[in-house]
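**Student:** Next up is a structure, given as structure tokens.
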Amino acid sequence: MTSDRGASPMLGTGPRAADARAAGARPADRAEHLLGSGGRLVVHGPWGSGKSVVLSELARRAVEDGVPVLRMAAAPGDQDLAYAALATLFVVRPRAMAEAVVEDKRGALAAAIGRAGPRGVAGDPLAVRLALTDLFASLTRDGPPLLLIDDALWLDAAGAEALGHALRAPAAERLRVVVAERGCHETSLAGRLCGDHAIRLPLEPLTVDDVADVLNSHGLPHGWALKVHRYTGGNPALVRAMVIGQLRHRPDPRGRVAPTVPDTVGAAADVWLGTVGPRTRATLLTAALAHRPTPALLRRAGCADATERQLADARNAGIVRIGPTGVVEFAAPALRHAAAHSMTRSGSAAAHRALAAAADDPVYAVRHRLLASDAFDRALAESGERAARQAGSRGERALAAELLLLSADRTPAEHRGDRMRRLAAAASHAAASGSFDLAVRVADAVRAAGAGRVEQVGALLAVIDAGGQAMAELDDIIARARERAGDDPALLAAVQLRVAVRTNLCDGLPGSARAAADRAVRMARDGGDLALEAAALAMRARMERITGHPGSTRTLATALALAVPAERVGIRNSPQYLAARHAVFDDRLGFAREELLRLLPLAERTGDAEDLQEVLRSLAEVDARSGACVQALEWSERALSQCAGAGLSPGPASYTAALVQSAGGSFAEAAAHAARGVRVSREERDLVFTSRNLFALGTVRLITGRPHQAAEALREVAALEAEQQVRDATALRWQPELIETLVALGRMDEARTLLARVRRAMGSSALSTGAGAALARAEATYRDRTGEPEPARALLDTSLVQFRALGLQLEEGRTLLHLARLERGRRRQAAAREAAHRAHALFARIHAHPWVALLSTPAAPVAGPLTDAEAGLAAIVAEGATNQEAANRLHLSVKTVEAMLSRIYRKLAVRSRTELGPALRRLESSR
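Going by my numbering, the sequence shown opens with residue 94, and the numbers climb by one from there.
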């Protein structure tokens, strides 16, 4: 049994101390708030959750505030020694407090503890109680001191009784007390110390963003955050162990794709497992080897009849939780792996044999039989291959890959063909599962087996595919695959297709990517591989659409005419999926949704993690645009869950979550997802989703009244899209957002130039989509600001009609908001109210919660700060100038001055010239 203090670094200096303080800051804030003055608080959580860190942070703050701090910490073994923990009590006194007073009282306590009590027991209970009460009373005279009791579970009975008595005395009423207890549930000890009315503060695991901050502070990739969070369960001690291990050993060249698991994590997880008794730990070892273990399964596998009691102990230790279906789930995969690896080989084999007999799923029964034996066994290998087919048919691709890898290892040497077939199938399943580590293991096994060219290239391609968006880190793998392919046209086509994807994704060169895809088409034809030809044609059509090439539609039609089933080429690479995506770009949302719903069950059945995520993301985007906000949020949540569960790159799912949250969730959540997506995509050198997440971030900033920050993000989008030679204005509609942002900032010349350039570049087909309607709305904003309200109103009417015809309800509501602002600026209050009411009713009907909240907030910003031109006019008018005088001085028309004044009044929330001067002075004083 181990103390929390053994794993939590002491607060000092350096990166580990900084991590600890950062981890303890937020719960310490909550603790201070809950404590108030004279409060009692029990901080509890599993091993490594940061209880000692929180107490140290509270002590540091109290000392800085000049508050006396008493601190004691029990340790393993103290529970058998009377008053052992009380002997560790020390006081940090403020400078204003006399040292002699404190030392006298501590001396009296020490004497009482050392005095022989009744029947020769160390310590006189009455003397100890009186000494404690006297110490507490002496410290509370100048204010409420803070008593911190760490690791309360190791307190001895006599010490706990004395403490409880002293804390209930009137002299301790002003004493603030914090008790740290290990465990997920409160105990009677905490009640005896703090009273039945003490407040409980359970410590929660770190969030993904918390983990990302820790990684970032040590120069480790932000993109690891999801994987590290999932593996550690967010436990602060396990996260620190992961960081320490990564810093100790330089990551390998593929480290940015998937972090290796250092020994430090296993050692830390072992300490956590050691917080339960030996019988409970034995049950956990068996549970760690089982798939979806239940108490009944564990009993069938030979665990003790007291399994439920042992699992209850493990639950209180935070090691496991029991799911709604009764399945025992480890709080972190790190715990499961540590438990499984702590067994001897003979013990592990015996447990697997028992689980094979107890399993009610024949696929997992075969897995346990494979893991129970290291011997060559042709029959067992064949059983494993059959089980893998069954696992694959129900979408469990990672399990299928593992079964095939085990089966290949158990295949006798004389059956080399069978072994190679199983390894090739394992590579395919590993790639589909998105498990990079598993794909690397298969590739290593293929190389070790001396496989032929086809198998080796297939295994290397599986590693590339499992790497997801981080293809920039896999150039060495791509080069090896190209070299192994030799002059085989079909193999070269497969490699060349990945080169095309990488060139677009990481280099931002869609023109070069199109050329690479074209080479892949020719090679696939030479090799007679119809499926590869269809995938390569789809890739070429995608690049042609991006670059504005006129052959995109024809190329896609050619690919569709090959009639290759989508599942044969991978759904996300298929012509059918691309046709749905192009329909999304064209705002043919009905067709897009129908096609995506047809592809969804295929993706679910095949079990390809990235395919399923892509279909879910597209469905979320379609439903968000069309106003089905609730359904869009559900699709997005599934995509995020798929991303986390399979360890996929977070950039794409973050972008979709940002779009959907800004439609039906919250703008704050949308900004958080977009910011996370930007960081991850930049790390992975994924230019495509760097642009997309920046676009989402800039749009949220514009909507929520932060035009300067919006301009920063959207200008970067413009630069990236130019760098990537993107010509299609329908896929990522950043131009209208940037125009509106420039207008809000008063950059009228720049807005006019961009508006003219985009109008020239957009063809009639693009202008007929929502992109064209958004451009009309942006132009209306520009016209309004330049004193042309009638053309602005006409443009908004056109935009409304177009958005309504396309079924883009969210954009329709947003345009009504623009109309309300326009009418308000023209002082047509009835028309403004009517437009705002229509917008509110539409947003409420489609459950666009952030937009409803925006309309319901009186101070919701609708424009940016005063521009230089507006500030100059406001100053002139505040001095008493008439509109005509101001127009003459500024060389403007009276009409323009009137329009500008309307905007100034709106921004400063004033109604007349007499209110303008005071408003300007308040604005100046607030800067």
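Ideal Cβ placement from N, Cα and C applies to all residues, glycine included.
Assess, as a yes-or-no matter, whether the segment 326-336 is touched by the segment 508-523 under the definition of 3 or more beta carbon pairs within less than 8 Å.
**Tutor:** No, the segment 508-523 does not touch the segment 326-336.
**Student:** Is the segment 580-598 close to the segment 801-816, with three or more CB pairs under 8 Å?
**Tutor:** Output reads no: the segment 801-816 does not touch the segment 580-598.
**Student:** Nearest CA to the CA of Arg-414: which residue from Ala-380, His-434, Cys-396, His-445?
**Tutor:** Nearest of Ala-380, His-434, Cys-396, His-445 to Arg-414, Cα basis: Ala-380.
**Student:** For Arg-575, tell me which candidate among Glu-566, Met-564, Asp-558, Val-550 has the shortest Cα-Cα distance.
**Tutor:** Nearest C-alpha to Arg-575: Val-550.
**Student:** In the DSSP assignment, find the unbroken beta strand (DSSP E) run with Phe-423 in it and report its ends.
**Tutor:** First-last of the beta strand (DSSP E) with Phe-423: 421-423.
**Student:** Rounding to the nearest angstrom, what Cα-Cα distance links Leu-623 and Leu-655 in this structure?
**Tutor:** Whole-angstrom Cα-Cα distance: 7 Å.
**Student:** Count the other C-beta atoms from every protein chain shown that fall within 10 angstroms of the C-beta of Pro-603, then say buried if there are 16 or more, exposed otherwise.
**Tutor:** Per the 10 Å Cβ criterion, buried.
**Student:** Out of Arg-392, Leu-286, Arg-275, Glu-475, which has the shortest C-alpha to C-alpha gap to Glu-88?
**Tutor:** Any answer about residue 88 is impossible in this case: the structure gives the chain only from 94 up to 1020.
**Student:** Considering only the beta carbon of each residue, do Arg-293 and Val-135 sit closer than 8 Å?
**Tutor:** Contact flag set, yes.
**Student:** Which of helix, strand or coil does DSSP assign to Pro-108?
**Tutor:** Here Pro-108 scores only 43 on pLDDT, less than 50, and its place in the model should not be relied on; the value that follows carries that caveat. Note: Pro-108 maps to helix in three-state DSSP.
**Student:** Just curious, the alpha helix (DSSP H) that Met-841 is in, first and last residue?
**Tutor:** From DSSP, the alpha helix (DSSP H) with Met-841 extends over 841-854.
**Student:** With burial defined as no fewer than 16 other Cβ atoms inside 10 Å of the residue's Cβ, what is the status of Gln-922: buried or exposed?
**Tutor:** That one is exposed.
**Student:** Per the DSSP calculation, Leu-202 is bridged to which residue(s)?
**Tutor:** Answer is none; Leu-202 lacks a bridge partner.
**Student:** Residue range of the beta strand (DSSP E) that Pro-295 falls in?
**Tutor:** Per DSSP, Pro-295 belongs to the beta strand (DSSP E) from 292-295.
**Student:** Alpha carbon to alpha carbon, what distance is there between Trp-365 and Val-955?
**Tutor:** Model confidence at Val-955 stands at a pLDDT of 41, short of 50, so the residue's coordinates are unreliable and nothing is read from them.
**Student:** Could you tell me the distance, in whole angstroms, from the CA atom of Gly-170 to the CA atom of Lys-144?
**Tutor:** Roughly 20 Å separates the two Cα atoms.
**Student:** Apart from the five residues on each side of it in sequence, which residues of its chain come closer than 7 Å, Cβ to Cβ, to Ala-484?
**Tutor:** Excluding sequence neighbours, Ala-484 sits near Val-456, Leu-492, Ala-493, Leu-496.
**Student:** Return the CA-CA distance between Ile-557 and Asp-680, expressed in angstroms with no decimal places.
**Tutor:** Going from the Cα of Ile-557 to the Cα of Asp-680 covers about 33 Å.
**Student:** On the three-state DSSP scale, how would you describe His-87?
**Tutor:** Absent from the model: residue 87. The displayed extent of the chain is 94 to 1020, so no value can be given.
**Student:** Is there contact between the segment 659-667 and the segment 837-850, where contact requires at least three CB pairs shorter than 8 Å?
**Tutor:** Too few Cβ pairs lie closer than 8 Å, so no.
**Student:** How about Val-657 and Val-715: are their beta carbons less than 8 Å apart?
**Tutor:** Taking 8 Å as the Cβ cut-off, Val-657 and Val-715 do not qualify as a contacting pair.
**Student:** By Cβ distance, which residues of its chain are closer than 6 Å to Ala-913, with the 5 residues on each side in sequence left out?
**Tutor:** Ala-925, Ala-928, Ala-929.
**Student:** Near His-642, what residues of its chain come up, given a Cβ to Cβ distance below 8 Å and the 5 sequence neighbours on each side ignored?
**Tutor:** Hits under 8 Å: Arg-607, Met-636.
**Student:** Considering just the uninterrupted stretch of the alpha helix (DSSP H) at Arg-479, what are its terminal residues?
**Tutor:** Its alpha helix (DSSP H) spans residues 471-486.
**Student:** Indicate the three-state DSSP secondary structure (helix, strand or coil) for Ala-1012 in the structure shown.
**Tutor:** Here Ala-1012 sits in helix by DSSP.
**Student:** With the cut-off set at 8 Å, would you say Val-185 and Val-162 are in Cβ contact?
**Tutor:** A contact, by the Cβ cut-off of 8 Å.
**Student:** From Gln-172 to Trp-247, what distance separates their C-alpha atoms?
**Tutor:** If you take the alpha carbons of Gln-172 and Trp-247, they lie about 5 Å apart.
**Student:** DSSP state of Asp-243, grouped into three classes?
**Tutor:** In this structure, Asp-243 counts as strand in the three-state DSSP scheme.
**Student:** Are the Cβ atoms of Ala-474 and His-461 separated by less than 8 Å?
**Tutor:** Cβ atoms of Ala-474 and His-461: not closer than 8 Å.
**Student:** Assign Arg-938 to one of two classes, buried (16 or more other C-beta atoms within 10 Å of its C-beta) or exposed (fewer than that).
**Tutor:** By the 10 Å Cβ count, Arg-938 comes out exposed.
**Student:** For the 8 Å Cβ check, are there 3 or more pairs between the segment 745-752 and the segment 699-714?
**Tutor:** Touching, per the Cβ criterion.
**Student:** Rounded to the nearest angstrom, what separates Ala-132 and Asp-406 at their Cα positions?
**Tutor:** A small fix is needed here, since residue 132 is Gly in this sequence, not Ala. Approximately 30 Å between the Cα atoms of the pair.
**Student:** With H, G and I counted as helix, E and B as strand and the rest as coil, what does DSSP make of Pro-799?
**Tutor:** Position check: residue 799 holds Arg in this sequence, whereas Pro was assumed. Arg-799: coil per DSSP, three-state reduction.
**Student:** Contact defined as beta carbons within less than 8 Å: I believe Ala-525 pairs with Arg-479. What is the distance between those atoms, to the nearest angstrom?
**Tutor:** About 19 Å separates the two Cβ atoms, so there is no contact after all.
**Student:** Pick out whichever of Thr-908, Val-421, Ser-729, Asp-243 has its Cα sitting closest to the Cα of Gly-276.
**Tutor:** Of the candidates Thr-908, Val-421, Ser-729, Asp-243, the one whose C-alpha sits nearest the C-alpha of Gly-276 is Asp-243.
**Student:** Please state whether DSSP places Leu-912 in a helix, a strand or coil.
**Tutor:** Three-state DSSP puts Leu-912 in a helix.
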